[in-house]
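Asker:
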Amino acid sequence: MVAHVGDFGLARFSSKSMNNSSGNSTSTLGRGTVGYAAPEYGMGTEATKSGDVYSYGILLLEMFTGKRPTDDMFKDGLTLHQFTKIALPDHVLEVVDPLLLSGDNEEENASRSRSTRTAQMQETKVKKCLISILRVGICCSVESPNDRMDIFDSARELHSIRDKFLGTTNQTQR
29 MVAHVGDFGL ARFSSKSMNN SSGNSTSTLG RGTVGYAAPE YGMGTEATKS
79 GDVYSYGILL LEMFTGKRPT DDMFKDGLTL HQFTKIALPD HVLEVVDPLL
129 LSGDNEEENA SRSRSTRTAQ MQETKVKKCL ISILRVGICC SVESPNDRMD
179 IFDSARELHS IRDKFLGTTN QTQR
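So for the sequence shown, our numbering puts the first residue at 29; every next one is plus one.
#1: Should Phe180 be labelled buried (16 or more other beta-carbon atoms within 10 Å of its own) or exposed?
#2: Can you tell me where the alpha helix (DSSP H) holding Leu121 begins and where it ends?
#3: With DSSP collapsed to three states, give me the class of Pro173.
#4: Could you tell me the alpha carbon to alpha carbon distance between Ile189 and Thr93, rounded to whole angstroms?
#5: Can you give the Cα-Cα distance for Ala183 and Thr144, rounded to whole angstroms?
#6: How many Å lie between Gly105 and Thr196 at the Cα?
#7: Is the Cβ-Cβ distance between Ser83 and Arg176 less than 7 angstroms?
#8: With H, G and I counted as helix, E and B as strand and the rest as coil, what does DSSP make of Leu186?
#9: Any contact of the stretch 114 to 124 with the stretch 158 to 165, i.e. 3+ C-beta pairs under 8 angstroms?
#10: Can you tell which of Val164, Leu128 and Ile114 has its C-alpha closest to the C-alpha of Leu89?
#11: So, with DSSP's three-state summary, where would you put Pro117?
#12: If you reduce the DSSP assignment to three classes, tell me which class Ser160 lands in.
#13: Under 7 angstroms between the Cβ atoms of Gly70 and Pro97?
#14: Starting from Thr93, follow the alpha helix (DSSP H) in both directions and report where the run begins and ends.
#15: Are the CB atoms of Glu68 and Pro173 nearer to each other than 7 angstroms?
#16: Identify the continuous alpha helix (DSSP H) that holds Pro126 and give its terminal residues.
#17: Quick one: Cα of Gly72 to Cα of Thr152, how far?
#18: Assuming contact is defined by CB atoms lying nearer than 7 angstroms, are Ile166 and Thr112 in contact in what I supplied?
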């Protein structure tokens, strides 16, 4: 299964179609991709912004773990959300996609020329960044819609993580 652009923004689509309809509303249930659609959609709940946040959280976890929510490893109640949550913070490097951790040759050569202490500091910085990003994905993909992180808070947090990692002082305000 592959997530499609149509899996996100269902709440906006649903509210527009309801406003334009003459009393006949079309359910958006079944339009999301399995694994990306919020759990409440399976119980007949209308599409909401909170459901979109769930999909965003799952996508964020997928991008950083390299695992799809429909992977065969997720069975017997284990989900991508739980898999990632269980691993944090101590086993973050075990769940992150190895492709994200392998640098290009130029970066590897620069890394080799650094002192061991500097290399360890950089690894710690990367680990903290990854833990923070995955925590945002986890907060966005909790099962209960009322407990999910707000999308604006999510964006603000991701910008803050980026700024800390890059050492910039640009603080995105909303």
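Ideal Cβ placement from N, Cα and C applies to all residues, glycine included.
If you're wondering where the values come from, they're calculated on a predicted model, not measured in any experiment.
Answerer: Taking the coordinates as given:
#1: As a working mapping, residue 180 is identified with position 152 in the sequence shown. With fewer than 16 other Cβ atoms within 10 Å, it is exposed.
#2: Looking up residue 121 in the sequence shown gives position 93. Looking at the DSSP string, the run of the alpha helix (DSSP H) that includes Leu121 is Val120 to Val123.
#3: Locating residue 173 in the sequence shown gives position 145, counting from the first residue. Correct three-state label for Pro173: helix.
#4: Sequence index remark: in the sequence shown, residue 189 carries index 161 (1-based). Sequence index remark: in the sequence shown, residue 93 carries index 65 (1-based). Their Cα atoms are separated by approximately 18 angstroms.
#5: Taking the first residue of the sequence shown as position 1, residue 183 is located at position 155. Taking the first residue of the sequence shown as position 1, residue 144 is located at position 116. Spanning the two alpha carbons is a distance of roughly 34 angstroms.
#6: Here residue 105 refers to the residue found at position 77 of the sequence shown. Here residue 196 refers to the residue found at position 168 of the sequence shown. Cα-Cα distance, rounded: 41 angstroms.
#7: Position 55 of the sequence shown, counted from the first residue, corresponds to residue 83. Position 148 of the sequence shown, counted from the first residue, corresponds to residue 176. No; because the gap between Cβ atoms is not below 7 angstroms, this pair is not in contact.
#8: Numbered from 1 along the sequence shown, position 158 holds the residue referred to as residue 186. Leu186: helix per DSSP, three-state reduction.
#9: yes
#10: On the sequence shown, residue 89 is found 61 positions in, with the first residue counted as 1. When each option's Cα is compared against that of Leu89, the closest is Val164.
#11: Against the sequence shown, residue 117 aligns to sequence position 89. In this structure, Pro117 counts as coil in the three-state DSSP scheme.
#12: Start at 1 with the first residue of the sequence shown, and residue 160 comes out as number 132. Helix.
#13: As a working mapping, residue 70 is identified with position 42 in the sequence shown. As a working mapping, residue 97 is identified with position 69 in the sequence shown. Their beta carbons are not under 7 angstroms apart, which means Gly70 does not touch Pro97 by this criterion.
#14: Looking up residue 93 in the sequence shown gives position 65. Unbroken alpha helix (DSSP H) run through Thr93: Lys77 to Thr93.
#15: Position 40 of the sequence shown, counting from 1, holds the residue named residue 68. Position 145 of the sequence shown, counting from 1, holds the residue named residue 173. Yes, Cβ-Cβ distance for Glu68 and Pro173 is below 7 angstroms.
#16: Here residue 126 is taken as the residue at index 98 of the sequence shown, counted from 1. Segment Pro126 to Leu129, the alpha helix (DSSP H) holding Pro126.
#17: The residue given as residue 72 occupies position 44 in the sequence shown. The residue given as residue 152 occupies position 124 in the sequence shown. The alpha-carbon atoms of Gly72 and Thr152 are separated by roughly 44 angstroms.
#18: The residue labelled residue 166 in the question sits at position 138 within the sequence shown. The residue labelled residue 112 in the question sits at position 84 within the sequence shown. Contact: yes.
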